[in-house]
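If you read the sequence shown in this note's numbering, its first letter stands for residue 38, the second for the next number, and so on. Backbone N, C-alpha and C define an ideal beta-carbon position, used for all residues, glycine too. Below is one structure, written out as structure tokens; comments come after it.
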Amino acid sequence: PSWIKNNAGWWADGTIDDDSFVSGIEYLIKENILHISSNFVESTSDEIPSWIKNNAGWWADGTIDDDSFVSGIEYLVNNGIISVN
């Protein structure tokens with residue numbers, strides 16, 4: 038849905054917080070709108086790396102493609118930062 042690209046841009050520029058962005062991504066995954074391959078790895082942090090936020094902004098601006106953005110989301114899922122249960 039187009040609203041997720043808006044959310045990514047708002048998150049990248051600080052308009053919405055991490056929790057709001059993550060909630061939107063979790064919704065898309067749970068509703069099978071966004072398909073993520075998951076290879077779970079134990080994570081010692083629930084902090085979102087800054088490069089993910091950069092990717093979100095670039096994706097919202099059209100600088101990177103959907104696959105590049107989804108790769109970042111897969112990283113969050115695989116490291117336990119986003120829950121898909």
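Contacting residues, own chain, Cβ-Cβ under 6 Å from residue i (five flanking each side not counted)
i      : result
Tyr112 : none
Thr52  : none
Ile89  : Gly109
Ala49  : Lys90, Ala93, Gly94
Coil, strand or helix - residue i by DSSP
i      : result
Asp102 : coil
Asp56  : helix
Ser87  : helix
Gly117 : coil
Ile66  : helix
Gly51  : coil
Cβ neighbour criterion (16 or more within 10 Å) applied to residue i
i      : result
Ile118 : buried
Trp96  : buried
Pair within 9 Å by beta-carbon distance, residue i and residue j
i      : j     : result
Ser108 : Glu63 : no
Gly46  : Asp98 : yes
Ile101 : Leu71 : no
Residue i beta carbon near the ligand GDP (any heavy atom closer than 8 Å)
i     : result
Ile53 : Ligands displayed in this structure: none; no statement on the ligand GDP is therefore possible.
8 Å CB neighbourhood of residue i in its chain, flanking five on each side removed
i     : result
Thr81 : For Thr81, the predicted structure reports a pLDDT of 49, less than 50, and the residue's modelled location is therefore unreliable. A value from the coordinates is still provided. Once the five neighbours on either side are set aside, Thr81 has no close Cβ partner at all.
Asn44 : Ile53, Ser57, Phe58, Gly61
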